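Student:
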Amino acid sequence: MSNLNKLKSISNVRTFKENEYIFHEGDTGNDMYILLSGRVSIFIESKDNLQIKLCDIGAGGFFGEMSLLEGEPRTATALAVENTVALSVNKDNFEAFIVEQPSMAFKLLKGLSSIIRALDEELSCLKKGCQYVIPPADSADALSDSTSCISAANPEDLKGILYHDEHGTYEGESPDTDVLYIYNKKTTCPICGKEFELPVVSQSKLRLKSIDFDFRHRYEEFEPLWYNILVCPCCYFAGYSHEFDKHMDNLCKTFTEKTAPIRKKLAFKYSQPRKLDEVFTAYYLALHSAKALDAGPLKSARIWIQLSWLYKDIGDEKMYAIAIDQAFEHYYNVLYGSSLTRLTDEQDQQCCLILGELYLLKNDRNQAIKQFHSAIRRGGGNAVYNKQAQDRIYYVKHEMK
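Given below as structure tokens:
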């Protein structure tokens with residue numbers, strides 16, 4: 224940052240130790256912070272007092288600007304995850320600070336503009352009704368609007384190729400109120416390059432109720448599990464939204480060759496309202512995509528744990544148990560497999576916590592406690608995960624006797 228000494232003279236320099244809270248959600252405050260060094264994590268709190276991480280901010284970044292501009296209570300919690308030095312700017316010195324650092328004014332305006340634009344897009348979508356159907360694939364056996372959304376010459380032929388052998392057919396569709404929480408967004412398939420439109424979740428509309436110990440987020444009047452997996456209508460690549468930001472066109476030939484048996488037997492599109500069978504098919508297509516691209520065990524682990532939640536929701540106890548076993552196997556391979564997956568500290572902590580919960584489902588308390596101990600980072604890691612691990616150790620030792 225230019226003219227650092229002058230900036231320090233018109234603002235306050237604050238230092239925060241590792242794992243020290245800078246402010247809490249709901250606190251009064253009229254200042255913002257600009258990081259000179261270190262790292263800060265931003266969290267929001269659920270109704271059952273669990274903290275959800277929103278983002279990390281590094282040197283050169285800023286946070287707390289909404290309280291400075293509006294004078295309203297803090298909408299999130301800020302935690303220093305490293306020893307951190309920051310400039311504190313309040314209403315009294317904000318104008319002088321902007322004069323010395325006009326680029327900061329541009330950054331603030333740009334950030335606020337992005338928020339307003341996202342809200343405008345969501346509002347425009349809601350006015351239009353937000354109805355969405357993925358267009359049919361450009362092939363002779365593509366679905367017409369009048370055909371079933373999932374079609375196969377013989378659905379049983381897909382067992383063992385796509386679905387698990389014990390997977391059934393399930394009734395159910397998304398509630399009409401889902402249109403209040405989604406909006407259409409254009410995206411491009413990272414494999415085949417086809418551009419298409421799809422519904423994505425409007426995060427700003429969600430109201431969190433609670434977070435389970437296996438990190439399932441539960442929201443009021445909406446289930447995002449039904450919208451987690453995006454499916455390309457052309458090549459059937461399926462994955463999470465962040466995977467569609469990548470460019471993997473060099474893998475197109477390999478992927479299409481490996482998925483040809485499925486594309487020959489399956490015609491797929493999402494409908495509105497979305498059907499439960501479509502949701503399951505999307506998750507299994509994501510599993511197949513991960514395998515075809517050698518994505519490693521972490522993606523498959525995440526898919527299987529979410530499949531277990533879906534099976535539990537509909538009461539399929541047999542497939543729930545199978546999905547739990549698959550999730551256990553993949554999370555174990557993430558942490559202890561022959562080709563260890565490269566994880567950040569926080570990812571490692573989360574995987575240890577989930578594996579501990581899976582051990583509890585298998586009634587293996589000793590191994591569960593070991594995993595919870597592995598999730599604790601002395602003098603580091605995510606402080607929220609450290610506390611969750613300590614609480615779970617106490618629970619297993621004392622509450623489950």
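The sequence shown begins at 224 in the numbering used here and counts up by one.
We treat Cβ as the ideally placed atom computed from N, Cα and C, and that holds for glycine.
The model shown is predicted, which means the values in this text are computed figures rather than measured ones.
Start and end of the alpha helix (DSSP H) containing V557?
Tutor: If you number the sequence shown from 1, residue 557 lands on position 334. Here the alpha helix (DSSP H) through V557 covers 540-559.
Student: Are M255 and L310 touching if we call contact CB-CB under 7 Å?
Tutor: For the purposes of this step, residue 255 is identified with residue 32 of the sequence shown, where counting begins at 1. For the purposes of this step, residue 310 is identified with residue 87 of the sequence shown, where counting begins at 1. Not closer than 7 Å, so no.
Student: Touching or not, the region 459-470 and the region 495-502, by the rule of three or more beta carbon pairs under 8 Å?
Tutor: These segments do not touch.
Student: Would you report the Cα separation of I405 and F445, rounded to the nearest angstrom?
Tutor: For the purposes of this step, residue 405 is taken as the residue at position 182 of the sequence shown. For the purposes of this step, residue 445 is taken as the residue at position 222 of the sequence shown. Between I405 and F445, the C-alpha separation is close to 10 Å.
Student: Secondary structure at P325, three-state DSSP: helix, strand or coil?
Tutor: Counting from one through the sequence shown, the residue named residue 325 turns up at place 102. P325 falls in the helix class under three-state DSSP.
Student: Buried or exposed for T300, please, with buried defined as at least 16 other CB atoms from any protein chain shown within 10 angstroms of its CB.
Tutor: If you number the sequence shown from 1, residue 300 lands on position 77. Its Cβ being crowded by 16 or more others within 10 Å, T300 is buried.
Student: Our contact map puts F419 next to Q573 with C-beta atoms below 8 Å; I'd like the distance itself, whole angstroms only.
Tutor: Walking along the sequence shown from the start, residue 419 turns up at place 196. Walking along the sequence shown from the start, residue 573 turns up at place 350. Not quite, the Cβ-Cβ distance comes to about 32 Å (not below 8 Å), so this is no contact.
Student: Where does H596 sit, in a helix, a strand or coil, going by DSSP?
Tutor: Within the sequence shown, the letter at position 373 stands for residue 596. Of the three classes helix, strand and coil, the one that applies to H596 here is helix, per DSSP.
Student: Does the region 566-581 come into contact with the region 429-443, if we say contact requires no fewer than three beta-carbon pairs (one atom in each stretch) closer than 8 Å?
Tutor: In short, these stretches touch, since the Cβ pair count reaches three.
Student: How big is the Cα-Cα spacing for Q594 and Q549?
Tutor: Looking up residue 594 in the sequence shown gives position 371. Looking up residue 549 in the sequence shown gives position 326. Distance between the alpha carbons of Q594 and Q549 is about 18 Å.
Student: Any idea if Y459 is buried or exposed, counting beta-carbon neighbours within 10 angstroms, 16 or more meaning buried?
Tutor: For the purposes of this step, residue 459 is identified with residue 236 of the sequence shown, where counting begins at 1. When all chains shown are included, Y459 counts as buried.
Student: With DSSP as the reference, label E418 as helix, strand or coil.
Tutor: Locating residue 418 in the sequence shown gives position 195, counting from the first residue. DSSP places E418 in strand when its eight states are reduced to three.
Student: Is D361 helix, strand or coil by DSSP?
Tutor: Walking along the sequence shown from the start, residue 361 turns up at place 138. In this prediction, D361 has a pLDDT of 35, which is less than 50 and means its spatial position is unreliable; nothing more can be read from the coordinates.
Student: Would you identify the three-state DSSP class for V629, choosing helix, strand or coil?
Tutor: Since the first residue of the chain shown is 224 and the last is 624, residue 629 is not available in this structure.
Student: Going by C-alpha distance, which of G261, Y450, A505, L566 is nearest K408?
Tutor: For the purposes of this step, residue 408 is taken as residue 185 along the sequence shown, with counting starting at 1. Cα-wise, what sits closest to K408 is Y450.
Student: First and last residue of the alpha helix (DSSP H) that includes A627?
Tutor: Absent from the structure is residue 627, since the part of the chain shown begins at 224 and ends at 624.
Student: Quick check on the burial criterion: 16 or more other C-beta atoms within 10 angstroms. Buried or exposed for T370?
Tutor: For the purposes of this step, residue 370 is identified with residue 147 of the sequence shown, where counting begins at 1. Confidence in T370 is poor, its pLDDT being 37 and thus under 50, which makes the residue's placement too unreliable to answer from.
Student: Run through DSSP, which three-state label would R588 get?
Tutor: Here residue 588 corresponds to residue number 365 of the sequence shown, with the count starting at 1. In the structure shown, R588 sits in a helix (DSSP, three-state: H, G or I).
Student: Quick check: is the beta carbon of D315 nearer than 7 Å to any beta carbon in chain C?
Tutor: Any reference to chain C falls outside this structure, which holds one protein chain only.
Student: Using the Cα positions of I267 and L259, report the straight-line distance between them to the nearest angstrom.
Tutor: For the purposes of this step, residue 267 is taken as residue 44 along the sequence shown, with counting starting at 1. For the purposes of this step, residue 259 is taken as residue 36 along the sequence shown, with counting starting at 1. When rounded, the distance between both Cα atoms is 24 Å.
Student: For a test of the three-state rule: what should DSSP assign to F317, helix, strand or coil?
Tutor: For the purposes of this step, residue 317 is taken as the residue at position 94 of the sequence shown. Correct three-state label for F317: helix.
Student: Can you give me the Cβ contacts of N235 inside the same chain, cut-off strictly under 6 Å, excluding the 5 residues immediately before and after it?
Tutor: Position 12 of the sequence shown, counted from the start, is the residue given in the question as residue 235. Excluding positions up to five away in sequence, the list reads S311.
Student: Output needed for K351: all residues of its chain with C-beta closer than 6 Å, excluding positions within five of it in sequence on either side, in chain order.
Tutor: Locating residue 351 in the sequence shown gives position 128, counting from the first residue. Because K351 sits at a pLDDT of 44, beneath the cut-off of 50, its placement in the model cannot be relied upon, and the following sentence gives the value as read from the coordinates. Excluding sequence neighbours, K351 sits near nothing in its chain.
Student: What number of angstroms, rounded off, separates the C-alpha of A282 from the C-alpha of L508?
Tutor: Sequence index remark: in the sequence shown, residue 282 carries index 59 (1-based). Sequence index remark: in the sequence shown, residue 508 carries index 285 (1-based). Cα to Cα, the separation comes out at about 40 Å.
Student: Where do the ends of the beta strand (DSSP E) carrying F239 lie?
Tutor: Within the sequence shown, numbered from 1, the residue matching residue 239 stands at position 16. Run containing F239: 235-239, per the beta strand (DSSP E) assignment.
Student: Tell me, please, whether the region 477-486 touches the region 420-427 by the rule of three or more beta-carbon pairs shorter than 8 Å.
Tutor: Result no; under three Cβ-Cβ pairs closer than 8 Å.
Student: Going by DSSP in three states, C575 sits in which element: helix, strand or coil?
Tutor: Against the sequence shown, residue 575 aligns to sequence position 352. Three-state DSSP puts C575 in a helix.
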